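Novice: Sharing a structure with you now.
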Amino acid sequence: MSTPGERVLIKGNEAICRGAVDAGCQCFFGYPITPQNDIPEYMSKVMPNLGRVFVQAESEVAAANMLLGAAACGIRAMTSSSSPGISLKQEAISYMGGTELPAVIVNISRGGPGLGDIGPSQGDYYQAVKGGGHGDYRQFVLAPGTVQEAYDLIGKAFDLAFAYRNPVMLLGDAIIGQMMEPVTLGSNKETESNSPDLGWNLTGKGQRDPRLLKSLHLTDGALAGHNLRLRDKYASMEKDVLFENFLVDDAELIVVAFGSIGRIAKSTIRKMRASGKKVGLHRPITLFPFPSRELDRLAASGKRFLTIEHNLGQMVEDVRLAIRKHADSDFYGHLPGNLPTPEDFEQPILAALGVRS
Amino acid sequence: MKNGKEAFTLPGVLADVPTHYCPGCQHGVAQRLVAECLDELALAEKAICIGSIGCSVFIYNYLLVDCVEAPHGRAPAVATGVKRARPDTAVFTYQGDGDLASIGMAETMHCANRGERVTIIFVNNTVYGMTGGQMAPTTMVGQRTTTCPGGRCADNEGQPIKMTEIIASLGGTAYAARVAVDSVKHVRAAKKAVRRAFEAPLNNLGLGFVEILATCPTNWKMTPVQANERIAAELIPYFPLGTFKDMAGVDSNEETEVAE
Ligand SMILES: Cc1ncc(C[n+]2csc(CCOP(=O)(O)OP(=O)(O)O)c2C)c(N)n1
Ligand code: SF4
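Chain order of the listed sequences is S and E.
Everything in the first sequence is counted per my numbering, starting at 5 for the first residue and increasing by one.
Everything in the second sequence is counted per my numbering, starting at 37 for the first residue and increasing by one.
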């Protein structure tokens, strides 16, 4: 456990672990895959010493279903993986969505499709945001842009999971996971969500009526009712939308980018501002719920847009949907396989500004 | 007889509602044995049932204990999560052969190998019941199903898997037995095995596993009586009854192993 205000130089993957431990995560279920191996390795050292649970499962499928079991008990629990492993976890994530179980899933994503590579990529945006598992469900998706944010957002992830009784995904990539930065620890706190009886969780029935947690709804209209209720719940998540606006007020062009790409784009923008280019950054921090209202507001005030992603173009669809009444968005996709530098984004931004180089 | 009049009473943990099982289906018998053991071991208050996929999925409508539903085959992983999160509970799964021995083979074996302190109740009716009678890993060679209409052929589909033998071979298993519910004598032995399968994890010895050979008259296309007779004639000779492992060291063979 960290002491409040403690300052350390750590990797993103370790920040996620320390954030989860500070937030009262009691159970961790994992399986090795690069580039997130630091997470199960750290948890295997720390959790048992704190009297908490670490299990290396036989597969991602099993790890995610162990998570489902712990979540059904109302215990703060988490699993982590990377892209192909997240595909395997989707079955349980859909069940947890349908059963309304609070669980935290970390995806330190890598390049795909298939085995792809182990380098950074944002190719899992669709899977994370649109529900890679079956059925009509949604999950909170939090995308940290710095190691500090990785620490802070994992604490937030547990709070949101229990506030909405819903799976929450922290979506990072190999840049966030492997990068070292100074971080201030100690702000994540365990709340009462690890208390024995939350009114819905399984504890063994004792003297009360038995409880049943399930996602099967066979009687006429039951599933429709359930899905409508879920829809309203997902809509209510809007009030917890998170984003960062950087120098947008006087900007002609707003770059929209998330996670580590948002952070790199910020450096580009800082540099281009110095040469008088009116560019700003909008960085969605929650990818679901998406900051559509804010983007619409910015578009209504006459801004132009360029979406930059580390993929072939996924979030750009959500940007276009958000701003469609007023504007369109250009797109620049940096291909996976190498790490973009702030300089890589200069030409695409100049092109979107209509400046000839 | 409890009060001199009643010949049959409902275990307190069994809901007083009609079940959805087909006539002659022995899921009902298996489920009742589980209920009786939960009652006798006074576990209702601290039990957590993991429902699985198959005709047994509605077990949670009949057992008055806390329950969570697992995806197909994953009940042992869900049980692991529940038991690790709440070590003070009595956790059990109730699974069919398609669920446990096919899609959930890995979860079942690793749960046993880790020695999770949980109980697995495995109802083997040699067929996928709920989805309409397709071939299961336990389908007998020559048995016709909707996906092996010419009868299961060992060359093409392999041999029926003997789960209890596999589970007994794993280090974390404390108790593993195979029973049947085709006769009064076998039902009595089955009850004892189910009880032991609950006691092994409670006594912190390891995993408790019991395989119950049961009928599926609907998909076997037999009358309930014919289906019951098939258990003795065809299934028991291939799937021998008995205790395959008992870490408690109790010689339970006389109770569960019944000479044919
Ligand atoms: C992932 C997945 N695959 C397939 C199914 C469809 N399914 C439902 S029940 C079942 C078979 C269950 O058979 P068994 O475990 O033998 O139980 P029984 O119905 O015979 O009691 C299958 C394949 C499913 N629900 N989920
Ligand atoms: S289909 Fe078979 S297993 Fe399912 S309820 Fe009917 S008899 Fe029982």
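Glycine is no exception: its CB is placed at the ideal position from the N, C-alpha and C atoms.
Remember, it's a predicted structure, so these values are computed and weren't measured experimentally.
For residue 320 of chain S, which option in S:193, S:291 and S:341 has the closest C-alpha, if you only look at C-alpha atoms?
Specialist: Position 316 of the first sequence, counted from the first residue, corresponds to residue 320 of chain S. Selection S:193, S:291 and S:341 evaluated against residue 320 of chain S yields S:291 as nearest (Cα-Cα).
Novice: How would you call residue 58 of chain S, buried or exposed, if buried means at least 16 neighbouring beta carbons within 10 angstroms?
Specialist: If you number the first sequence from 1, residue 58 of chain S lands on position 54. With 16 or more other Cβ atoms within 10 Å, it is buried.
Novice: Verify whether the separation of the beta carbon atoms of residue 61 of chain E and residue 253 of chain E is less than 8 Å.
Specialist: As a position in the second sequence, residue 61 of chain E is number 25, starting the count at 1. As a position in the second sequence, residue 253 of chain E is number 217, starting the count at 1. Contact flag set, yes.
Novice: Tell me where the alpha helix (DSSP H) around residue 164 of chain E begins and ends.
Specialist: In the second sequence, the residue the question calls residue 164 of chain E occupies position 128. That residue, residue 164 of chain E, is in no alpha helix (DSSP H); it is neither H nor E in DSSP.
Novice: What's the gap between the Cα of residue 266 of chain S and the Cα of residue 150 of chain S?
Specialist: For this step, residue 266 of chain S is matched to residue 262 along the first sequence. For this step, residue 150 of chain S is matched to residue 146 along the first sequence. Answer to the nearest angstrom: the Cα atoms are 10 Å apart.
Novice: Around the Cβ of residue 184 of chain S, are there at least 16 other Cβ atoms within 10 angstroms (buried) or fewer (exposed)?
Specialist: Translated into the one-based positions of the first sequence, residue 184 of chain S becomes position 180. Under this definition residue 184 of chain S is an exposed residue.
Novice: Can you give me the Cβ contacts of residue 232 of chain S inside the same chain, cut-off strictly under 6 Å, excluding the 5 residues immediately before and after it?
Specialist: For the purposes of this step, residue 232 of chain S is taken as the residue at position 228 of the first sequence. Excluding residues within five positions, none has a Cβ falling inside 6 Å.
Novice: Given a limit of 8 Å on CB to CB distance, which residues of the stretch 252 to 265 of chain E reach chain S?
Specialist: none
Novice: Can you tell me the Cβ-Cβ gap for residue 190 of chain S and residue 26 of chain S, rounded? I've got them flagged as a contact below 8 Å.
Specialist: Numbered from 1 along the first sequence, position 186 holds the residue referred to as residue 190 of chain S. Numbered from 1 along the first sequence, position 22 holds the residue referred to as residue 26 of chain S. Right, the Cβ-Cβ distance comes to about 7 Å (below 8 Å), so this counts as a contact.
Novice: Jot down the residue ranges of each uninterrupted alpha helix (DSSP H) in the stretch 289 to 324 of chain S, minimum 4 residues, whole runs only, in chain order.
Specialist: 296 to 304
Novice: How far does the alpha helix (DSSP H) with residue 68 of chain E in it extend, from its first residue to its last?
Specialist: As a working mapping, residue 68 of chain E is identified with position 32 in the second sequence. Its alpha helix (DSSP H) spans residues 63 to 76.
Novice: Answer with buried or exposed for residue 118 of chain S, where buried requires no fewer than 16 other C-beta atoms within 10 angstroms of its C-beta.
Specialist: For the purposes of this step, residue 118 of chain S is identified with residue 114 of the first sequence, where counting begins at 1. Exposed: under 16 other Cβ atoms inside 10 Å.
Novice: Helix or strand or just coil, what does DSSP make of residue 21 of chain E?
Specialist: Residue 21 of chain E cannot be examined here, being either before or after the span of chain E that is shown, 37 to 296.
Novice: Indicate the three-state DSSP secondary structure (helix, strand or coil) for residue 82 of chain E in the structure shown.
Specialist: Position 46 of the second sequence, counted from the start, is the residue given in the question as residue 82 of chain E. Of the three classes helix, strand and coil, the one that applies to residue 82 of chain E here is helix, per DSSP.
Novice: Just the Cα atoms here: how many angstroms apart are residue 362 of chain S and residue 147 of chain S?
Specialist: What is shown of chain S runs 5 to 361, which leaves residue 362 of chain S out entirely.
Novice: Between the stretch 94 to 114 of chain E and chain S, which residues of the former have CB atoms less than 7 Å from a CB of the latter, in chain order?
Specialist: 96, 100, 101, 102, 103, 104, 105, 106, 107, 110, 113 and 114
Novice: If you measure between the beta carbons of residue 52 of chain S and residue 44 of chain S, is that distance less than 8 Å?
Specialist: Here residue 52 of chain S refers to the residue found at position 48 when the first sequence is read from its first residue. Here residue 44 of chain S refers to the residue found at position 40 when the first sequence is read from its first residue. The beta carbons of residue 52 of chain S and residue 44 of chain S sit no closer together than 8 Å.
Novice: Report the neighbours of residue 118 of chain E on chain C: residues whose CB is nearer than 8 Å to its CB, in chain order.
Specialist: Protein chains S and E are contained in the structure displayed, whereas chain C is not.
Novice: Using only Cβ atoms and a threshold of 6 Å, which residues come within that distance of a heavy atom of ligand 2? Order them by chain position.
Specialist: E:57, E:58, E:61, E:63, E:91, E:161, E:165, E:166, E:252, E:253, E:254 and E:255
Novice: Taking beta-carbon pairs under 8 Å, can you tell me which members of the stretch 50 to 65 of chain S lie near chain E?
Specialist: 57, 59, 61, 62, 63 and 65
Novice: Determine the burial state of residue 247 of chain E: buried for a count of at least 16 other Cβ atoms within 10 Å of its Cβ, exposed for fewer.
Specialist: Your numbering for residue 247 of chain E matches position 211 in the second sequence. When all chains shown are included, residue 247 of chain E counts as buried.
Novice: Taking CB distances under 8 Å as the criterion, tell me whether residue 220 of chain S reaches chain E.
Specialist: The sequence position of residue 220 of chain S within the first sequence is 216, counting from 1. For residue 220 of chain S, the answer is yes, since a Cβ of chain E falls inside 8 Å of its Cβ.
Novice: Helix, strand or coil: which one does DSSP assign to residue 175 of chain S?
Specialist: By one-based count along the first sequence, residue 175 of chain S stands at place 171. Three-state result, residue 175 of chain S: strand.
Novice: Looking at the structure shown, is residue 217 of chain E part of a helix, part of a strand, or coil, going by DSSP?
Specialist: Taking the second sequence and counting its residues from 1, one reaches residue 217 of chain E at position 181. It is coil, neither helix nor strand.
Novice: Less than 8 Å between the beta carbons of residue 20 of chain S and residue 158 of chain S, yes or no?
Specialist: Within the first sequence, residue 20 of chain S is the residue found at index 16, counting from 1. Within the first sequence, residue 158 of chain S is the residue found at index 154, counting from 1. In this structure, residue 158 of chain S lies closer than 8 Å to residue 20 of chain S by Cβ.
Novice: Helix, strand or coil, according to DSSP, for residue 336 of chain S in the structure here?
Specialist: Walking along the first sequence from the start, residue 336 of chain S turns up at place 332. In the three-state scheme derived from DSSP, where H, G and I count as helix and E and B as strand, residue 336 of chain S is classed as strand.
Novice: Pop quiz: residue 220 of chain S and residue 93 of chain E are said to be a contact at Cβ under 8 Å. What is the actual Cβ separation, rounded to whole angstroms?
Specialist: Here the question's residue 220 of chain S lines up with position 216 in the first sequence. Here the question's residue 93 of chain E lines up with position 57 in the second sequence. That belief holds up - the Cβ atoms of residue 220 of chain S and residue 93 of chain E are roughly 7 Å apart, short of 8 Å.
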